[in-house]
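Line order of the protein sequences matches chains A and B.
So in this note's numbering, the last one in the first sequence is 118, and the numbering has no gaps at all.
So in this note's numbering, the last one in the second sequence is 118, and the numbering has no gaps at all.
Number of protein chains: 2
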Amino acid sequence: MIFDTLIIVDISTNVNMRMECCEPLFGGILEEEEAARTAAMFAALADPVRLRIVSMVAAAPDGTACGCELEDPLGLAQPTVSHHLRILREAGLVVGERRGRWVHYRVVPERLDEIRNALSPPVLDPV
Amino acid sequence: MIFDTLIIVDISTNVNMRMECCEPLFGGILEEEEAARTAAMFAALADPVRLRIVSMVAAAPDGTACGCELEDPLGLAQPTVSHHLRILREAGLVVGERRGRWVHYRVVPERLDEIRNALSPPVLDPV
DNA sequence: CCTTCGTATCGATGATCTTCGATACATTGA
DNA sequence: TCAATGTATCGAAGATCATCGATACGAAGG
């Protein structure tokens, strides 16, 4: 095994997601199921709004931002922002923590590392 | 600038694609246009069939495979495979070279490196 | 209890995408 | 020139997705 399993607890759903993702592209022919898992991860990042959300959360003062801070800069309605945050959450790319009325989101860099591993060049076998 | 510009010549369209892609997610808030470019790259990888195609081409004996070799293992019709190859081509993830009747595709690892760079953790400023 | 405010869900709409049959194009060999 | 084969394009059908108004949920403060 190349990387460990990342366990993420989604506070809004209280679901422990044990996600194994992103078998390396250069580690042999991908099985259908593995390909679907990895494709789902890329799909979460395959939207300009979601990429901007990730960059905005990462660039926020404490590395956290609530949804209400994103609506204006993105120019999108609240349900739309909530929709995108949900997809990022379910992909394990961000986690949300409720503080009073607000839910503070932060990026999960380990998840991005997993995706990077999937794109890593092949490991050369020593002779 | 972190990475150079990758120039890819698509033999089937004879179009020189000068693509700059994938500004780092942790390099500040992404502009709308940059986010759209990066999202398009991820969208090309956000499909199980295309991920399997990339892994199959990479795992092929010479690192190249023609479309006809992919239809059976994928269980898809020829137009469908051609469609996915087109998307991968336009994203610069593979290039095709015609040899006689066949078009041999190969993966462009530099493109995958660019995507990996976009997901790289932030560079820590020295104090 | 009631209001306020941030968030999540529902339902609908319009756009985009995957898939494939039909068809055209390209190259090879007879 | 004609048939065979690999590839690309077209058009249609069904599925998926982004967006947002309406609405419900949740927490804080009178």
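Glycine included, every Cβ here is placed at the ideal spot set by N, Cα and C.
C-beta neighbour in chain A for residue i, strict 8 Å
i	result
L21 (chain B)	yes
T120 (chain B)	Absent from the structure is residue 120 (chain B), since the part of chain B shown begins at -8 and ends at 118.
T71 (chain B)	no
R107 (chain B)	yes
R90 (chain B)	no
L30 (chain B)	Note on identity: in this sequence residue 30 (chain B) is Ala, with Leu being the wrong assignment. Yes, its Cβ sits closer than 8 Å to a Cβ of chain A.
L67 (chain B)	no
L103 (chain B)	yes
Residue burial classification, residue i (beta-carbon count within 10 angstroms, cutoff 16)
i	result
A68 (chain B)	exposed
E105 (chain A)	buried
P15 (chain B)	buried
D38 (chain B)	buried
L115 (chain A)	exposed
H75 (chain B)	buried
G91 (chain B)	exposed
R89 (chain B)	exposed
G87 (chain B)	buried
Cβ of residue i within 8 Å of any chain B Cβ
i	result
L36 (chain A)	yes
I78 (chain A)	no
L110 (chain A)	yes
R43 (chain A)	yes
A50 (chain A)	yes
A26 (chain A)	yes
F(-6) (chain A)	Note that F(-6) (chain A) scores 37 on pLDDT, short of 50, meaning its location in the model is unreliable and no value can be drawn from it.
L16 (chain A)	yes
L61 (chain A)	no
Three-state class that DSSP yields for residue i in the structure shown
i	result
A151 (chain A)	With chain A covering -8 to 118 only, the question about residue 151 (chain A) has no answer from this structure.
C59 (chain B)	helix
V98 (chain B)	strand
V114 (chain A)	coil
R90 (chain A)	strand
heavy atom of the ligand ADP below 7 Å from residue i C-beta
i	result
V40 (chain A)	You won't find the ligand ADP in this model; it holds no ligand whatsoever.
- Task: Report yes or no: do the segment 71 to 88 of chain A and the segment 44 to 55 of chain B share at least 3 C-beta pairs separated by less than 8 Å?
- Result: Result no; under three Cβ-Cβ pairs closer than 8 Å.
- Message: Three or more C-beta pairs under 8 Å: does that hold for the segment 15 to 26 of chain B against the segment 53 to 63 of chain A?
- Response: By the criterion of at least three beta-carbon pairs nearer than 8 Å, the segment 15 to 26 of chain B is not in contact with the segment 53 to 63 of chain A.
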